[in-house]
Structure formats: structure tokens, C-alpha cells
């Protein structure tokens with residue numbers, strides 16, 4: 001992984017996790033390609049050109065905050081091998097961060113405390129696929145407005161976050177993630193969006209603790225591959241099969257899970273039967 005020195009602004013690569021110093025990590029929603037700062041641009045463009053890009057501001061805010069917090073990552077998307085390694089490692093990187101700064105670019109200066117929930121509820125950050133793992137994986141997430149005013153932390157805002165995301169507050173702690181069923185975890189991704197079709201599968205790799213190669217251009221086949229990996233990793237959790245259209249899928253006896261591979265849902269959208277299953281799971285001791 002690469003880290004950006006918050007004081008010198010120099011990029012340094014770390015091959016082994018054992019040598020990685022304490023670091024902060026940024027969670028944000030992407031703007032237009034022209035506005036964001038790419039790894040290649042950071043290497044080759046002069047500083048004045050980089051600073052003119054709109055995406056530079058959130059990097060600057062993040063570095064300043066990291067320096068204040070005593071913490072002193074950039075992906076090369078042009079390399080398919082590095083991109084695959086990065087996305088398969090992303091959950092771990094967020095989990096190991098000292099803190100994650102979530103930059104909410106469409107939240108203006110906050111007024112009364114009663115308006116915090118309303119502004120968070122309408123925020124784009126909570127509708128994107130990639131930000132799901134960026135919310136759950138870190139031990140702590142600090143939310144900042146467009147002007148880098150502190151809104152609060154994941155622990156402080158847990159009630160609002162749970163209400164907005166439909167994620168039980170206990171599962172906002174990644175230490176409890178594995179106790180959530182496959183169906184519960186899949187439900188958290190429902191109604192979230194990604195810019196590329198395949199990313200709705202790739203953004204969930206860490207949530208299910210599975211790995212697979214990235215094949216951009218495969219479309220929704222990526223989600224089918226994800227489900228196949230989930231079946232391999234959770235052979236006794238049949239709640240995945242509620243994610244389809246057959247009304248009795250989760251209640252019938254499943255004798256051969258492999259026979260159902262072709263009958264899986266093609267996207268993380270809950271059906272009525274999966275909603276019923278989640279209700280049953282919630283009622284179970």
C-alpha cells in the first residue's frame with residue numbers, strides 16, 4: 001500500500017503490513033474524473049496544477065487533520081494487477097487505520113443538533129456502494145462537512161447511522177461483522193449504487209471476507225461470482241438463497257446448495273421473502 005506523508009506530501013510505498021506506520025484513511029464520494037486527483041497526476045503534474053483541481057481540497061483537509069491527530073493512500077488505477085490487489089485488501093486497510101475521515105461533500109455548515117440527522121439522511125455518502133465497508137471496517141469514523149467542520153463520529157452518531165443505513169448498531173463495529181448472516185449483510189447493500197456495474201459486487205468483498213479477481217466488462221456476472229464465493233465460504237448459511245424471487249426459497253429444505261447456484265439473485269436487492277427472513281433472524285435468540 002502507499003501512504004501520503006501528511007507533512008511532506010511525499011508518497012511512500014509499503015510492501016509489508018508489518019512496516020506500515022499508524023495512518024488515517026479518507027472516505028469520500030467521487031466527483032467527476034476531471035475533478036479528482038489520480039495517482040499518475042500526483043506523480044507528474046506540478047503542484048500548482050494539482051492544487052487547482054476540486055478534488056485536491058479534500059486531500060488537503062485530510063492531511064491537515066491527520067497531522068493534527070499525530071498521523072504522519074493512493075491507488076494506481078492504471079494497473080489492473082494493483083487495482084485487484086487494492087480492492088481485495090481495502091477492507092483490511094480501513095480496519096487497520098487509526099481513524100477514517102469521512103468527507104461529506106454535500107453537507108454544508110450544520111445548525112441545530114436536530115438537523116444533523118436530517119442532513120445525514122439526505123447525504124450521498126450513505127447511498128454509495130463503496131462507502132459501506134468504509135463505514136463498517138474502521139474502529140472509528142469521523143464525519144466532516146464540505147468545509148471540514150466536524151459533524152461527529154460513528155460512535156457518537158450510531159443511532160442516526162443505524163436508522164439511515166438499516167444496519168443494527170452492533171454491526172457498525174467490524175468486530176461483530178461475522179456474526180451477521182449473509183442475508184443481513186446483503187441487505188445493507190440494497191439500494192446502494194456504484195458508478196460501474198461490476199463494483200456493486202467488488203465493493204462487498206470485504207463485507208463477506210472473500211477474495212476474487214476483478215474483471216471489468218463482465219457486468220452482473222461479477223455479482224454471480226461473488227455469490228459463488230459466498231457459498232464456498234458460508235456453506236451452512238442458506239440465507240443467501242432468500243435473495244431471489246421464489247417465495248418459499250428460504251423455508252424449504254435445501255439438500256444440495258450447489259444445485260441452486262443458477263437460481264441466485266443477480267443484484268443485492270431484497271425480495272419480499274428476504275424481508276420476511278430478516279424479520280425471522282431478528283426475532284431469533
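Residue numbers (full-length UniProt numbering): 1 to 285.
Built from N, CA and C at the ideal position, the CB exists for glycine as well.
The model shown is predicted, which means the values in this text are computed figures rather than measured ones.
Candidates the options: which alpha carbon is nearest residue i's?
i	options	result
residue 95	207, 41, 105	207
residue 89	233, 235, 205	205
residue 28	18, 16, 37, 84	37
residue 17	97, 189, 186	97
residue 184	240, 155, 142	240
residue 195	23, 24, 31	31
residue 10	39, 65, 218, 157	39
residue 177	135, 156, 229	135
residue 82	1, 35, 212, 41	1
residue 157	179, 117, 148	117
CA-CA distance, residue i and residue j?
i	j	result
residue 12	residue 140	24 angstroms
residue 119	residue 165	14 angstroms
residue 105	residue 231	37 angstroms
residue 146	residue 235	44 angstroms
residue 50	residue 168	40 angstroms
residue 137	residue 68	23 angstroms
residue 170	residue 181	13 angstroms
residue 3	residue 54	21 angstroms
residue 21	residue 14	9 angstroms
residue 5	residue 24	11 angstroms
residue 225	residue 172	26 angstroms
residue 66	residue 86	22 angstroms
residue 152	residue 144	7 angstroms
residue 220	residue 99	33 angstroms
residue 8	residue 174	32 angstroms
residue 48	residue 71	25 angstroms
residue 56	residue 109	20 angstroms
residue 257	residue 227	For residue 257, the predicted model reports a pLDDT of 41, less than 50, meaning its position is unreliable; a value from the coordinates is still stated below. Each residue's alpha carbon lies about 12 angstroms from the other.
residue 121	residue 64	27 angstroms
residue 33	residue 218	22 angstroms
residue 19	residue 179	31 angstroms
Given residue i, which residues of its chain have a CB within under 6 angstroms of its CB, disregarding the five upstream and five downstream residues?
i	result
residue 130	203
residue 222	198, 201
residue 124	29, 106
residue 287	Nothing about residue 287 can be read from this structure; the chain reaches only from 1 to 285.
residue 268	186, 189, 190
residue 162	169
residue 216	198
residue 148	61
DSSP state of residue i, grouped into three classes?
i	result
residue 172	helix
residue 27	strand
residue 218	coil
residue 51	helix
residue 34	coil
residue 156	coil
residue 98	coil
residue 202	helix
residue 141	strand
residue 87	helix
residue 238	helix
residue 13	strand
residue 135	helix
residue 3	strand
residue 164	helix
residue 151	strand
residue 196	coil
residue 128	strand
Once the 5 residues before and after residue i are set aside, which same chain residues still bring their CB inside 7 angstroms of it?
i	result
residue 133	90, 91, 94, 203, 206, 207
residue 237	181, 182
residue 229	210, 212
residue 41	50
Can you list, in chain order, the residues of its chain with a C-beta nearer than 8 angstroms to that of residue i? Leave out the 5 residues immediately preceding and following it.
i	result
residue 127	191, 192, 193
residue 35	53, 54, 55
So residue i and residue j are supposed to be a Cβ contact under 8 angstroms. How far apart are they, rounded?
i	j	result
residue 58	residue 103	5 angstroms
residue 84	residue 214	5 angstroms
residue 150	residue 142	7 angstroms
residue 233	residue 210	5 angstroms
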